[in-house]
Amino acid sequence: PIARRLPSQVVLETTGRVSGRPRHTPIGGRLDGETFWFVSMHGDSSNYTRNIKADNNVRVRIGGRWRTGRAHLLPDDDARARNAQLSWVNRTANSGLGTELLTIRIDLDRQ
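In structure tokens:
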């Protein structure tokens, strides 16, 4: 898809829990220092959250550059409040289409 080719698009790379192959998912979120926050629209039923449960080592392409880190699913975090901190595009999509919001925090490795 074209979103993967846009340098401004954030892309999450997980390792497929069955195939072991890299899986890429365009996401939206917010970088806060060495932490990247985003909200899954479909909770832990999305493929990338299942992949994170199996192996939380991920890569994120931010600003056209890949960063490595560890992803953490945060079911006890207030995902609606976290969603309110994201861009209006993410807020709108998650609010309108999201079935079960789940906060995900990625602790990025230092560059």
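Using my numbering, the first residue of the sequence shown is number 1327, and each one after it goes up by one. The beta-carbon is built from N, C-alpha and C at its ideal position, and this holds for glycine as well. As the structure is a prediction and not an experimental result, all values here were calculated from the model.
Helix, strand or coil: which one does DSSP assign to residue i?
{"i": "D1435", "result": "coil"}
{"i": "L1428", "result": "strand"}
{"i": "G1422", "result": "Legend: pLDDT at G1422 = 48, less than 50; position of this residue unreliable, no value from coordinates given."}
Please tell me whether residue i and residue j are closer than 8 Å, where the distance is taken between their beta carbons.
{"i": "E1360", "j": "D1433", "result": "yes"}
{"i": "L1412", "j": "G1369", "result": "no"}
{"i": "R1393", "j": "D1435", "result": "yes"}
{"i": "V1336", "j": "G1355", "result": "yes"}
Against chain D, with Cβ distances strictly below 8 Å, would residue i count as a contact?
{"i": "G1389", "result": "Absent from the structure is chain D; it holds one protein chain and no more."}
* Asked: Of all the beta strand (DSSP E) runs that stay within the bounds of the segment 1330–1417, which reach a length of 3 or more residues?
  -> 1336–1341, 1348–1353, 1356–1358, 1361–1366, 1383–1388 and 1391–1400
* Asked: For the segment 1405–1414 against the segment 1345–1353, are there 3 or more C-beta pairs whose distance is under 8 Å?
  -> no
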